[in-house]
Amino acid sequence: MKDILNEIIAHKRNEIAAQKNSIPYSLLERELADCHLPVYSLKDALLQSSTGIIAEFKRRSPSKGWINQHANAGNATKGYEVAGATALSVLTDSTYFGGTLADLQHAARQAKIPVIRKEFIIDEYQILQARLSGASAILLIAAALSIEETHRFIRLSKQLGLEVLLELHDEKEIEYTSLETTIIGINNRNLGTFVTDLKKSYRMVELLPRDAVWVSESGISNPETVKELRKAGYRGFLIGENFMRSANPGASLEEFIKGVLQ
C-alpha cells in the first residue's frame, strides 16, 4: 500500500527548497525583528474551555478529495470563532490539502483565539513563516521527524513565542514526549494509509504524560464522542471535515457545540 506520508514529505522538501530560493531564511529572520503580531495561548484556551473544539479549515484531503473546494478561509474561520470554537487549525499545504499561507494569514488577522498552522513541518523555515503569518501555535508530526529535530523545533518555537501541538500516532512514538511537551495530540488517522481508528485515542491514555494537555484528532463526528473523550482525559478535539462539508461550517460547529454541552 502506498505510504502517503512519505510521499508528502518528499514533495515538501522540494517545496521548501524552492521557497528558500525565492525568499531566503535570512530575510524571514529580519522580518521577525519587526513582527509584533499577537499570540494567544492554546494550552490555556483548552484548559479553560468547556468544549475544547479546535475547528479546522481544510479544503481537501488525500483520502477524500475535495471537501469544500471554494471555501473562503477568512469567512469560515470567522464563522467558527463566532460559533464558539476554542481554537482554529488552518491547513497550509497546497498540493495535498488545497491550503495556503494566505489562508493562515486571513484567519489569524481577525482571530482573537489561538490559530494553529497545520502543516508537515520539517524545517525551521516553516516555523518562521508561521510566526510571521500570525499563528499562535504549530503542529509537529512525530512520524515526520527525528526526536532531535522535534526537540530542536520545539525550542525554536518557544523562542518565537509559539506553542507546539506534538502529534503522535502510536505507542512507539511516546518517546518523543519530554518536559518541553505541554500539548500532545493523538491522530486517530494513520498518515501512511489514512485509515481512521478512534480507539487509538483511548489506547494511548495510559502512556501520555499527566501534566500535558491531550488533544484527540481526526474521525470525530459526534458530540457524544467528545463527551466520552473528555471523560478519558482529553481537553482538545480537532475537527475539520465534519464542519467543512457543510455549506456553513460555522453553523455546523454551533449545532455540534450545543450537542456537546447538552
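If you count by numbering that gives the first Met the number 0, then the sequence shown holds residues 0 to 261, one letter each, in order. By construction, the Cβ of each residue, glycine as well, lies at the ideal position given by its N, Cα and C atoms. Treat the numbers as computed from the prediction; the structure is a model and nothing was measured.
For F56, there is no enclosing alpha helix (DSSP H); the enclosing beta strand (DSSP E) covers residues I52 to F56. Cβ neighbours of E172 within its own chain (closer than 8 Å, five residues either side excluded): A141 and A142.
Counted as a single uninterrupted DSSP element, the beta strand (DSSP E) harbouring K117 occupies residues V114 to K117. For G78, the uninterrupted alpha helix (DSSP H) segment begins and ends at A72 to A82. With 16 or more neighbouring CB atoms inside 10 Å of its own CB, I219 falls in the buried class. In this structure the region 105-116 lies against the region 78-88, because at least three pairs of beta carbons, one per stretch, are closer than 8 Å. Positions of the alpha helix (DSSP H) runs, each at least 4 residues long and wholly inside the region 149-231, are given as 198-203 and 222-231 in order along the chain.
Residue pairing of L138 in beta bridges, as defined by DSSP: L164. In the displayed model, S49 falls within coil according to three-state DSSP, outside both helix and strand. In the structure shown, S251 falls within a helical segment according to DSSP collapsed to helix, strand and coil. DSSP, read as helix, strand or coil, puts V38 in coil. Counting along the chain, no beta strand (DSSP E) covers F96, and no H or E run does either.
Straight-line measurement puts the Cα of V204 at about 28 Å from the Cα of G160. Taking all protein chains in view, the Cβ of S21 is surrounded by fewer than 16 other Cβ atoms within 10 Å, so the residue is classified as exposed.
Under a 10 Å Cβ-count criterion, I238 is classified as buried, with 16 or more other Cβ atoms of the shown protein chains found around its own Cβ. Around the C-beta of T94, fewer than 16 other C-beta atoms lie within 10 Å, and the residue is accordingly described as exposed. Going by C-alpha positions, I256 is about 20 Å away from V212. For L237, there is no enclosing alpha helix (DSSP H); the residue is part of the beta strand (DSSP E) that begins and ends at G235 to I238.
Looking at the backbone, the Cα of T76 and that of A82 are separated by about 10 Å. The beta carbon of T149 sits closer than 8 Å to those of L139, A141, L165 and Y175, all from its chain and outside the five residues before and after it, given in chain order.
If you draw a straight line from the Cα of E147 to the Cα of L167, it is about 15 Å long.
Around the beta carbon of K117, 16 or more other beta carbons lie within 10 angstroms, which makes this residue buried.
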